[in-house]
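Heads up: the sequence shown runs through residues 454 to 664, numbered per my numbering. Backbone N, C-alpha and C fix where the C-beta goes; we use that ideal spot for every residue, glycine too. From a predicted model like this one, the values you see are computed outputs, not experimental measurements. One structure is given below, encoded as structure tokens.
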Amino acid sequence: MERALPKRSRADTAQSSEGITAQVEVVNTGDRRGQEVVQLYLRDPESRLRRPPQALRDFQKVALDPGASTTVRFALEERDFAAWDDRRGRWIVGSGPYEVRVGASSRDLPLRQAVTIEGPPADQGPVLDRHSTIRQWLEDPQGREVIEPLLTEMTAAMGDEGGGPPGMEEIFGSLPLSTLSALSGGALTESAIEDLVEQVRAAKRASTSGE
């Protein structure tokens, strides 16, 4: 059996919600009827999430007479590009390059095609939590809205009424949010920090759902 390079049915860039279709031409070049399982794997070379080097996404079994050929079509949906994000607690699709690999097995994937996928806006950008820096919180619209009143209150208590959040960012911007507990002398508890995290997550959920 011989396989031709996969052909995309759409442009090299696609929205994850649209999915993509890969086509592979398979030809029986032998003198006897033959069978083969054509497998398609997907690789995310730039993933920041924990995922295997390549993942089987679909396969089809074909049987051809000598000299016969057929076109095998694979349809990849949004879920095929998704990976589990522990920090978000859900499946997400990261925007960026992916590689479609086709062959007879995981160790025999000679046919490869690059494609750029654009994931949903809600799946992009940093996730704010207790380990995110104060600067990251202030640079995020929802994060700033949640944390700015607290920073204003803290800087006033520290006798820096003119500094406010900008002053806090300059001095403590590179420190994680969790350090605010120590900076406040214990007035800001760990539980209160978790409440801040939940507030910003709720705000982001509301903004992406159109509430």
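- Annotation: R565 is outside any alpha helix (DSSP H); the continuous beta strand (DSSP E) that includes it extends over 564 to 571.
- Pairwise C-beta distances place the segment 487 to 503 in contact with the segment 511 to 520, as three or more of them are shorter than 8 Å.
- Between G547 and S522, the alpha-carbon positions lie close to 36 Å from each other.
- Its chain contains R510, D511, F527, V555 as the residues whose beta carbon lies nearer than 6 Å to that of L493, once the 5 sequence neighbours on both sides are disregarded; these appear in chain order.
- Using a Cβ distance threshold of 8 Å, D538 and L581 do not count as a contacting pair.
- Its chain contains T586, I587, R588, L591 as the residues whose beta carbon lies nearer than 8 Å to that of G626, once the 5 sequence neighbours on both sides are disregarded; these appear in chain order.
- C-alpha of W544 to C-alpha of L641: approximately 32 Å in a straight line.
- Under the DSSP assignment, E530 falls outside any alpha helix (DSSP H); it carries neither an H nor an E label.
- With 16 or more other CB atoms across the displayed protein chains lying within 10 angstroms of its CB, S469 is buried.
- Nearest in C-alpha terms to G520, of all of I646, N481, R532, A645, is N481.
- Shortest Cα-Cα distance from L636 to any of Q566, L603, T524 involves L603.
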